[in-house]
Structures are given as structure tokens and as C-alpha cells.
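There are 2 protein chains.
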Amino acid sequence: MSSILEPGITFINKELKGKNIDRIDRRLKNLKDIFFDKTALEKMDPETVVYEVESYFPVEHDIEGGLFYGITYIHPGTVGNEYFMTKGHFHKIRNRGEFYCTLQGEGMLILMDENRNTWAEKMYPGSIHYIKGNTAHRTANTGNTILSFSAFWPSDAGHDYATISEQGFSKILVQRQGKPELISR
Amino acid sequence: MSSILEPGITFINKELKGKNIDRIDRRLKNLKDIFFDKTALEKMDPETVVYEVESYFPVEHDIEGGLFYGITYIHPGTVGNEYFMTKGHFHKIRNRGEFYCTLQGEGMLILMDENRNTWAEKMYPGSIHYIKGNTAHRTANTGNTILSFSAFWPSDAGHDYATISEQGFSKILVQRQGKPELISR
Numbered sequence: 001m002s003s004i005l006e007p008g009i010t011f012i013n014k015e016l017k018g019k020n021i022d023r024i025d026r027r028l029k030n031l032k033d034i035f036f037d038k039t040a041l042e043k044m045d046p047e048t049v050v051y052e053v054e055s056y057f058p059v060e061h062d063i064e065g066g067l068f069y070g071i072t073y074i075h076p077g078t079v080g081n082e083y084f085m086t087k088g089h090f091h092k093i094r095n096r097g098e099f100y101c102t103l104q105g106e107g108m109l110i111l112m113d114e115n116r117n118t119w120a121e122k123m124y125p126g127s128i129h130y131i132k133g134n135t136a137h138r139t140a141n142t143g144n145t146i147l148s149f150s151a152f153w154p155s156d157a158g159h160d161y162a163t164i165s166e167q168g169f170s171k172i173l174v175q176r177q178g179k180p181e182l183i184s185r
Numbered sequence: 001m002s003s004i005l006e007p008g009i010t011f012i013n014k015e016l017k018g019k020n021i022d023r024i025d026r027r028l029k030n031l032k033d034i035f036f037d038k039t040a041l042e043k044m045d046p047e048t049v050v051y052e053v054e055s056y057f058p059v060e061h062d063i064e065g066g067l068f069y070g071i072t073y074i075h076p077g078t079v080g081n082e083y084f085m086t087k088g089h090f091h092k093i094r095n096r097g098e099f100y101c102t103l104q105g106e107g108m109l110i111l112m113d114e115n116r117n118t119w120a121e122k123m124y125p126g127s128i129h130y131i132k133g134n135t136a137h138r139t140a141n142t143g144n145t146i147l148s149f150s151a152f153w154p155s156d157a158g159h160d161y162a163t164i165s166e167q168g169f170s171k172i173l174v175q176r177q178g179k180p181e182l183i184s185r
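In order, the protein sequences belong to chains B and F. Here the first sequence stands for residues 1 to 185, numbered as in the UniProt record's numbering. Here the second sequence stands for residues 1 to 185, numbered as in the UniProt record's numbering.
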């Protein structure tokens with residue numbers, strides 16, 4: 001038997017292939033909490049896909065020392081003047097970090113520390129972002145095409161979506177005169 | 001003051017840019033232990049660069065929960081019939097995993113568990129490899145161009161180079177009739 005194997009997964013021609021790839025999508029109906037302008041939201045089709053995530057979990061969840069990998073694809077669009085974005089979360093184990101590597105499109109990585117200080121980093125193809133521990137993170141698509149990025153995070157990090165769902169970030173990213181601006185709520 | 005910042009680092013046009021990027025190279029003189037054919041090795045220029053590594057350490061070493069990022073560039077070449085390769089290591093904290101993503105070139109990821117079972121995975125642009133915990137790993141360039149890949153690993157993983165330096169892997173990757181083959185030593 002040959003001891004030379006094929007790789008676990010491949011990402012070629014913008015397509016993630018391999019065994020055990022987990023695929024989810026998030027639609028407007030799943031994201032009612034996160035957008036500020038509820039009136040604009042109610043006028044839109046709740047089935048509109050805002051983002052999709054493909055993930056590769058080579059070890060069990062909650063195992064210490066392992067890593068997970070995923071690609072997020074955020075569709076272009078706005079709800080009112082707020083860009084399509086991800087739910088955002090802290091890690092359940094707060095000190096766990098994460099790397100994002102932008103593949104295509106343009107956007108913003110919105111970050112908030114535990115004192116609710118919020119800032120953002122520009123995302124564009126080739127930009128690499130380290131998300132420190134104890135920092136909530138969310139991404140928004142500020143362009144006219146899909147924004148996609150790969151992510152690498154510890155297998156025991158977990159997700160705390162509830163804090164953001166209840167309290168939001170202290171700033172929101174809106175389009176003003178065609179440009180993204182981070183403003184206090 | 002704008003709260004919209006530039007990304008920490010960028011990897012654009014095959015160039016890693018940003019503050020605090022650590023750069024090292026490993027030459028034949030640094031790698032005397034790892035190649036099998038010492039006679040062939042002695043005939044070569046000890047200053048020959050075998051590989052280079054660019055790393056980004058956004059948190060302190062040995063901090064739990066953080067991640068590190070690096071790109072390794074292995075030059076094409078052989079020592080006798082053994083391909084140019086990295087030192088190889090276990091993680092000091094044995095259960096820490098790692099991801100490799102091949103950027104360019106072709107090669108092999110050589111893996112060995114703690115029972116000294118050795119196998120390999122083919123590396124080519126777009127191949128993604130998860131290195132489980134408790135698994136020694138080394139990469140070899142089997143092509144005629146630079147082999148480069150990005151790596152993501154936990155900031156507290158550490159490196160145990162000594163075990164490999166002393167005991168090697170149980171198999172070596174050699175060129176036979178122009179093709180890579182993994183053979184017992």
C-alpha cells in the first residue's frame with residue numbers, strides 16, 4: 001500500500017473540495033437581531049441569503065489543541081444603509097484568537113473588545129487579520145461582489161453569539177455617500 | 001480619529017508585507033543532521049539556502065489561545081537522492097495541531113506519529129493539510145521551482161526539533177526514476 005496520500009481538502013479555482021465539508025447559509029430571516037433598520041428589513045425577502053460558510057472540522061469540537069478552517073462568502077447588499085454582514089461573536093473561551101485571510105471582494109472586519117470599544121480593519125484580497133482573544137468579530141461586505149475570506153481558529157474556541165445578539169456592537173457600519181463609515185449607535 | 005485601520009499584514013503578489021515580520025533562512029550547514037547521504041552533503045556548498053521562513057507572531061510565544069502565521073519557501077534541490085526539506089519537528093505541547101495551505105510549487109508533507117509510523121501527503125497549489133496533534137511534520141520540495149506554503153499554528157505549541165534531529169523520521173523521501181518515493185531507512 002502506498003504511504004503517499006492525497007491532501008485532506010483542496011481550494012482550487014475558488015472551490016473548496018474534500019470529504020466532510022460542512023456547509024451552512026444565513027438568510028435575512030436568521031439575522032433579524034443584527035440589523036439596525038427594522039423597517040427596511042421588513043420590506044425585504046426573508047429568504048435572501050446574506051452569507052454562506054464552508055467549514056472543515058478535522059477534529060471533534062471542544063478538543064483542546066486542534067484547529068478548524070472555514071471560508072465565509074458574504075453576498076453584496078444592504079439593509080437600509082447597513083451593509084450585509086455576519087452575526088458576529090466572541091469566542092466561548094474568551095482568550096482564543098483567530099486568523100482571517102481575504103480571498104476576494106472588499107469589506108470590513110469589525111472588532112470590539114470587552115469594554116465595548118469598536119474599530120474596523122479594511123479587508124481586500126491578500127489582507128491578513130489577526131483577531132486577538134477577548135475580541136468580538138464580525139465581517140461586512142462593502143463592495144459590489146462576493147466578499148470571501150478563509151478563517152483559522154482553535155477547535156475549542158466555541159462561539160458566543162448571544163452577547164452580540166442581545167447587546168450588538170457599540171458601532172455600526174453604514175454606507176454614507178457611497179463609502180463605509182463606522183458610527184456610534 | 002478614524003476607527004478604520006489598515007490590515008496587520010498583507011500577502012499580495014507573492015510578497016508578505018507588514019510590521020514585525022520575522023525572517024530566517026536555513027542553509028545546508030544548519031541541516032547536517034537531517035540528510036541521509038553525508039558523502040553527497042560534504043561535496044556541496046554549506047552556505048546553500050535550503051529554505052526560508054517568514055513569520056508573523058501577533059502575540060507573545062507560549063501564550064495560550066493565540067495563533068501564529070508563517071510562509072515557508074523551500075528551494076528546489078537534492079542532497080544525493082533526497083529532496084531539499086525542512087528540519088521537521090513535533091510540537092513541544094504534543095497535542096497542538098497545525099494547518100498548511102500550499103501556495104506554489106509541488107512537494108510532500110511528511111508525517112510521523114509517536115509510534116514512528118510515517119506517511120506523506122501530496123502538496124500542490126490549493127492543497128490544504130491538517131496536521132493532527134502528536135504528529136511530527138516536515139515538508140520536502142519535489143519540484144523544480146520554489147515550494148511555498150502558509151502555516152497556522154497555536155502560539156503555545158512550541159517546537160521540539162531535538163527528537164527529529166536525534167532519531168529522524170522512520171522513512172525518507174527519495175527521488176527514484178525522477179519520482180518521489182517514501183522508503184524505510
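Don't be surprised by glycine CBs; every beta carbon is placed ideally from N, CA and C.
How long is the line joining the alpha carbons of residue i and residue j, rounded to whole angstroms?
i, j, result
"Asn81/F", "Ser184/F", "14 Å"
"Ala151/F", "Phe68/B", "13 Å"
"Ile63/F", "Thr86/F", "25 Å"
"residue 193/B", "Gly158/F", "The requested residue 193/B is not part of the displayed model; chain B covers only 1 to 185."
"Thr118/B", "Leu16/B", "32 Å"
"Met1/F", "Thr72/F", "Confidence is the limiting factor: at Met1/F the pLDDT is only 46, short of 50, which leaves the residue's position unreliable, though a coordinate-based value still follows. Taking the straight line joining both Cα atoms gives about 37 Å."
"Phe11/F", "Ser127/B", "6 Å"
"Glu98/F", "His129/F", "8 Å"
"Gly107/F", "Cys101/B", "23 Å"
"Pro7/F", "Tyr83/F", "36 Å"
"Glu181/B", "Gln175/B", "6 Å"
"Val59/F", "Asp156/B", "19 Å"
"Leu173/B", "Asp160/F", "45 Å"
"Val50/B", "Met123/B", "18 Å"
"Glu54/F", "Gly70/F", "5 Å"
"Leu41/B", "Ala162/B", "20 Å"
"Ile9/F", "Lys92/B", "26 Å"
"Asp113/F", "Phe90/F", "9 Å"
"Leu109/B", "Ile146/B", "15 Å"
"Glu52/B", "Arg27/B", "9 Å"
"Ala120/F", "Ser3/B", "6 Å"
"Gly18/B", "Trp153/B", "19 Å"
"Thr139/B", "Gln177/B", "20 Å"
"Ile131/F", "Lys179/B", "42 Å"
"Val79/F", "Lys171/F", "16 Å"
"Asn20/B", "Thr39/F", "46 Å"
"Arg96/F", "Asp37/B", "44 Å"
"Lys125/B", "Pro125/F", "The sequence shown places Pro at residue 125/B, not Lys. Distance between the alpha carbons of Pro125/B and Pro125/F is about 17 Å."
"Arg116/B", "Glu166/B", "13 Å"
Using 8 Å for Cβ pairs, my map puts residue i next to residue j. What's the rounded Cβ distance?
i, j, result
"Arg133/F", "Arg94/F", "Per the sequence presented here, residue 133/F reads as Gly, with Arg not at that position. Going by Cβ atoms, the distance from Gly133/F to Arg94/F rounds to 6 Å, so yes, they are a contact pair."
"Ala136/F", "Leu111/F", "7 Å"
"Gly143/B", "Gly105/B", "5 Å"
"Phe57/B", "Asp25/B", "Going by Cβ atoms, the distance from Phe57/B to Asp25/B rounds to 17 Å, so no, they are not a contact pair."
"Phe169/B", "Gly88/B", "7 Å"
"Ile74/B", "Asn141/B", "4 Å"
Which residues mark the beginning and the end of the alpha helix (DSSP H) in which residue i is found?
i, result
"Ile131/F", "Run containing Ile131/F: none in the alpha helix (DSSP H); it sits in the beta strand (DSSP E), 127-131."
"Lys179/B", "Counting along the chain, Lys179/B falls outside any alpha helix (DSSP H), though it belongs to the beta strand (DSSP E) covering 179-184."
"Ile164/B", "162-167"
"Leu67/F", "No alpha helix (DSSP H) holds Leu67/F; the beta strand (DSSP E) holding it covers 67-74."
"Ala157/B", "Note, Ala157/B: premise wrong, no alpha helix (DSSP H); not H, not E."
"Lys48/F", "According to the sequence shown, residue 48/F is Thr rather than Lys. It is not in any alpha helix (DSSP H) - Thr48/F carries neither H nor E in the DSSP assignment."
"Ser42/B", "Looking at the sequence itself, residue 42/B is Glu, so the reference to Ser does not match. Counting along the chain, the alpha helix (DSSP H) containing Glu42/B begins and ends at 38-42."
Just to confirm the assignment, what range does the beta strand (DSSP E) spanning residue i have?
i, result
"Gln175/F", "171-176"
"Lys17/B", "15-18"
"Gly107/B", "107-113"
"Arg23/F", "21-27"
"Lys122/F", "118-123"
"Asn141/B", "135-141"
"Ile9/B", "9-12"
"Glu60/B", "Neither: Glu60/B is in no beta strand (DSSP E) and is coded neither H nor E."
"Thr102/F", "98-104"
In chain B, which residues lie with their C-beta within 7 Å of the C-beta of residue i?
i, result
"Val53/F", "Ordered by position in chain B, no residue passes the 7 Å Cβ test against Val53/F, which lies about 16 Å from the chain."
"Phe149/F", "The premise fails here: Phe149/F is roughly 11 Å from chain B at the closest Cβ pair, so nothing lies under 7 Å."
"Arg96/F", "Gly65"
Looking at the ligand COA, does it come within less than 8 Å of residue i, judged from the CB to the closest heavy atom?
i, result
"Ser170/B", "What this structure holds is no ligand at all, so the ligand COA is not there to describe."
Since residue i meets chain B, which of its residues come closer than 9 Å, beta carbon to beta carbon?
i, result
"His129/F", "Pro7, Gly8, Ile9"
"Ile93/F", "Gly65"
Determine the chain F residues that contact residue i at a beta-carbon separation under 9 Å, and present them in chain order.
i, result
"Tyr83/B", "What Tyr83/B touches in chain F: nothing, since even the nearest Cβ is about 13 Å away."
Kindly list, in the order they appear in chain B, the residues whose Cβ is closer than 8 Å to that of residue i.
i, result
"Phe99/F", "Leu67, Tyr69, Phe152"
"Ile12/F", "Pro125, Gly126"
"Ile164/F", "Within chain B, no residue comes near Ile164/F; the closest Cβ sits about 18 Å away, beyond 8 Å."
List, in chain order, every chain F residue whose beta-carbon is nearer than 8 Å to that of residue i.
i, result
"Ser3/B", "Thr118, Trp119, Ala120, Lys171, Leu182"
"Pro58/B", "Gly97, Tyr130, Lys132"
Would you check if the segment 26-33 of chain B and the segment 43-60 of chain B touch, i.e. whether three or more CB-CB distances between them fall below 8 Å?
yes
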